[in-house]
Amino acid sequence: MPVRIPDQLPAIELLKQENIFMINTSRATTQDIRPLKIVILNLMPIKITTETDLIRLLSNTPLQLDITFMKIKSHTPKNTPIEHMKMFYVDFEQLRDQKFDGMIITGAPLEMIDFEEVTYWDEVAEIFDWARTHVTSTLYICWAAQAGLYHFYDIPKKLLPMKRFGVFPQTIITEERVPLFRGFDDVFNMPQSRHTQVDDEAIRKNPELSVLAESPESGIGIALARGGREIFITGHLEYSPMTLDTEYNRDKGIRDDVGLPVNYYVDDDPEKGVHVTWRAHANLFYHNWLNYYVYQETPYDLNEIK
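Note that this note's numbering has the sequence shown beginning at 48, numbered continuously upward.
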């Protein structure tokens, strides 16, 4: 089954080249199946790249998805054309009265700033609270995971001396394999790209939070709350193969707190190319989330979400 996305979104042509099955809004309106409504709050600066990464993964499902991109009024992105934002993004205020089957909140380049000092913190915190009563299951990614853990559970973050950068093996530690990891190996890889670390011990001590996967090198990778209505991912399963390479070349020679991404290049040599080790589990993760935490949990009548 296809992903339904807005007509003319740039990701359409990019993903068609990868044989991803999609239909645009015009065609989808002729079908009788109710699609799952997924809203994405994209806080990344280069939004088209993130849109493409997420849609690529969301398409790996037999479910039809109706994707809406949300934006906040209190911030204007500098790296995405304003025409793109006007055409494909909807202000939170316009979506406030709607309910959604699933939500994804992305990372943002805000790690070095205290949460309350973020210029749009109040609006983001309001959206977090809104999601609890208007969304069946929400994925919080990287900075959003740190922000959500802080907002809801008072989990602090700390600055790292060096950027946590590369691809790190995550061990599944739950005694009983949760549906989120159905079909997974005991260990899977996940890209990390962050300058801060959540307080892992504070997460473990909180009875409302369950640690699902962690790494001795990069810390807790995935935590769950409210029976899967909130899932916090400290890394970037959605990253395409070359994203870490782009970040490395951007910062090389400019920042002294960013080194070579670990477990990423063949023989740790950028000239030999990238060794991709996380994409299969990334596709399976999003498939499982949509199936077990959205589709099988959400009511047919979205108004019944509480």
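The beta-carbon is built from N, C-alpha and C at its ideal position, and this holds for glycine as well.
Tell me the rounded alpha-carbon separation between Gln78 and Tyr333. Position 31 of the sequence shown, counting from 1, holds the residue named residue 78. Position 286 of the sequence shown, counting from 1, holds the residue named residue 333. The pLDDT assigned to Gln78 is 42, lower than 50, so where the model puts this residue is not dependable, and the model offers no usable value.
Simplified DSSP state of Phe279, which is helix, strand or coil: Here the question's residue 279 lines up with position 232 in the sequence shown. Three-state result, Phe279: strand.
Is it the case that the Cβ atoms of Gln239 and His181 are separated by a distance below 9 Å? Position 192 of the sequence shown, counting from 1, holds the residue named residue 239. Position 134 of the sequence shown, counting from 1, holds the residue named residue 181. No, the pair does not count as a contact, with Cβ atoms beyond the cut-off.
Looking at the strands, I want to know which residues DSSP matches up with Lys252. Taking the first residue of the sequence shown as position 1, residue 252 is located at position 205. Lys252 is not bridged to any residue.
In the DSSP output, what is Met117 paired with across the bridge? Walking along the sequence shown from the start, residue 117 turns up at place 70. In the DSSP output, where bridge partners are listed per residue, Met117 has Leu88 and Val137.
Expressed to the nearest angstrom, what Euclidean distance is found between the alpha-carbon atoms of Asp348 and Val309? In the sequence shown, counting from the first residue as 1, residue 348 sits at position 301. In the sequence shown, counting from the first residue as 1, residue 309 sits at position 262. Taking the straight line joining both Cα atoms gives about 46 Å.
Would you say the region 246 to 265 touches the region 162 to 181, given that touching needs at least three Cβ pairs under 8 Å? no
Ile160 to Leu256 span [Cα, whole Å]: Here residue 160 corresponds to residue number 113 of the sequence shown, with the count starting at 1. Here residue 256 corresponds to residue number 209 of the sequence shown, with the count starting at 1. Ile160 and Leu256: Cα-Cα distance of roughly 25 Å.
If you drop the 5 nearest sequence neighbours on each side, which residues of the same chain put their C-beta closer than 7 Å to that of Trp190? To locate residue 190, count along the sequence shown from 1; it is residue 143. Gly154, Ala155, Leu157 and Glu158, listed in sequence order.
Buried versus exposed call for Leu101 [16 or more other C-beta atoms within 10 Å across all chains shown]: Position 54 of the sequence shown, counted from the start, is the residue given in the question as residue 101. The residue is buried, with at least 16 neighbouring Cβ atoms inside 10 Å.
As assigned by DSSP and simplified to three states, the class of Glu261: Taking the sequence shown and counting its residues from 1, the one referred to as residue 261 is at position 214. Of the three classes helix, strand and coil, the one that applies to Glu261 here is strand, per DSSP.
Whose CA, out of Thr127, Glu130 and Leu83, lies closest to the CA of Thr115? Along the sequence shown, read from residue 1 onward, the residue named residue 115 stands at position 68. Nearest of Thr127, Glu130 and Leu83 to Thr115, Cα basis: Leu83.
Just reading off the beta strand (DSSP E) that Asp348 is part of, what are its end residues? Counting from 1 along the sequence shown, the entry for residue 348 is found at position 301. Where Asp348 is concerned, there is no enclosing beta strand (DSSP E), given that its DSSP letter is neither H nor E.
Length of the line joining the Cα atoms of Leu206 and His242: In the sequence shown, residue 206 corresponds to position 159, counting from 1. In the sequence shown, residue 242 corresponds to position 195, counting from 1. Looking at the two C-alpha atoms, the distance is approximately 6 Å.
Can you name, in chain order, every residue of its own chain whose Cβ lies under 8 Å from the Cβ of Leu142, other than the five neighbours on each side? In the sequence shown, the residue the question calls residue 142 occupies position 95. So the qualifying residues of the chain are Val86, Thr115 and Met117.
Give every residue of the same chain whose Cβ lies closer than 7 Å to the Cβ of Met132, excluding the five residues on either side of it in the sequence, and list them in chain order. Within the sequence shown, numbered from 1, the residue matching residue 132 stands at position 85. Hits under 7 Å: Lys118 and Pro124.
Rounded C-beta distance between Tyr312 and Val321? I'm assuming under 8 Å. Counting from 1 along the sequence shown, the entry for residue 312 is found at position 265. Counting from 1 along the sequence shown, the entry for residue 321 is found at position 274. With 8 Å as the limit, Tyr312 and Val321 qualify as a contact, their Cβ atoms being about 6 Å apart.
Please state whether DSSP places Pro226 in a helix, a strand or coil. One-based indexing of the sequence shown puts residue 226 at position 179. The answer is helix: DSSP assigns Pro226 an H, G or I state.
Please classify Ala194: does DSSP put it in a helix, a strand, or coil? Locating residue 194 in the sequence shown gives position 147, counting from the first residue. Correct three-state label for Ala194: helix.
From Tyr197, Gln193, Ile129 and Ser121, pick the residue whose C-alpha is nearest to that of Thr166; which is it? Counted from its first residue, the sequence shown places residue 166 at position 119. If we check each option's Cα against that of Thr166, Ser121 comes out closest.
One or two residues paired with Ala272 in a DSSP bridge: The residue labelled residue 272 in the question sits at position 225 within the sequence shown. According to DSSP, which records beta bridges pairwise, Ala272 is partnered with Leu256 and Glu277.
DSSP state of Asp148 mapped onto helix, strand, coil: Taking the sequence shown and counting its residues from 1, the one referred to as residue 148 is at position 101. Strand.
Identified DSSP bridge partners for Val182: Counted from its first residue, the sequence shown places residue 182 at position 135. Bridge partners of Val182: Phe147.
Within this structure, are the beta carbons of Pro203 and Ala249 separated by less than 9 Å? Locating residue 203 in the sequence shown gives position 156, counting from the first residue. Locating residue 249 in the sequence shown gives position 202, counting from the first residue. Taking 9 Å as the Cβ cut-off, Pro203 and Ala249 qualify as a contacting pair.
Would DSSP call Asp321 helix, strand or coil? Position 274 of the sequence shown, counted from the start, is the residue given in the question as residue 321. Correcting the residue type first, residue 321 is Val in the shown sequence and not Asp. Of the three classes helix, strand and coil, the one that applies to Val321 here is strand, per DSSP.
For Thr324 and Ala270, what's the separation of their Cα atoms in angstroms? For the purposes of this step, residue 324 is taken as residue 277 along the sequence shown, with counting starting at 1. For the purposes of this step, residue 270 is taken as residue 223 along the sequence shown, with counting starting at 1. Roughly 22 Å separates the two Cα atoms.
Leaving aside the five residues before and after Ala329 along the sequence, list all residues of the same chain whose C-beta is less than 7 Å from its C-beta, in chain order. As a working note, residue 329 is residue 282 in the sequence shown. Within the same chain, Ala329 has close Cβ partners Leu104, Leu284 and Glu285.
Which whole-angstrom value is the C-beta distance of Thr183 and Leu337, which I expect to be below 8 Å? Taking the sequence shown and counting its residues from 1, one reaches residue 183 at position 136. Taking the sequence shown and counting its residues from 1, one reaches residue 337 at position 290. Going by Cβ atoms, the distance from Thr183 to Leu337 rounds to 11 Å, so no, they are not a contact pair.
For Arg74, is the classification buried or exposed, using 16 other Cβ atoms within 10 angstroms of its Cβ as the cut-off for buried? One-based indexing of the sequence shown puts residue 74 at position 27. A caution first: Arg74 carries a pLDDT of 49, below 50, which makes its placement in the model unreliable, though a value can still be read off. So Arg74 counts as exposed.
Mind checking which residues open and close the beta strand (DSSP E) that includes Leu207? Here the question's residue 207 lines up with position 160 in the sequence shown. Here the beta strand (DSSP E) through Leu207 covers Lys204 to Ile219.
Coarse secondary structure for Thr123, derived from DSSP in three states: Here residue 123 is taken as the residue at index 76 of the sequence shown, counted from 1. Correct three-state label for Thr123: coil.
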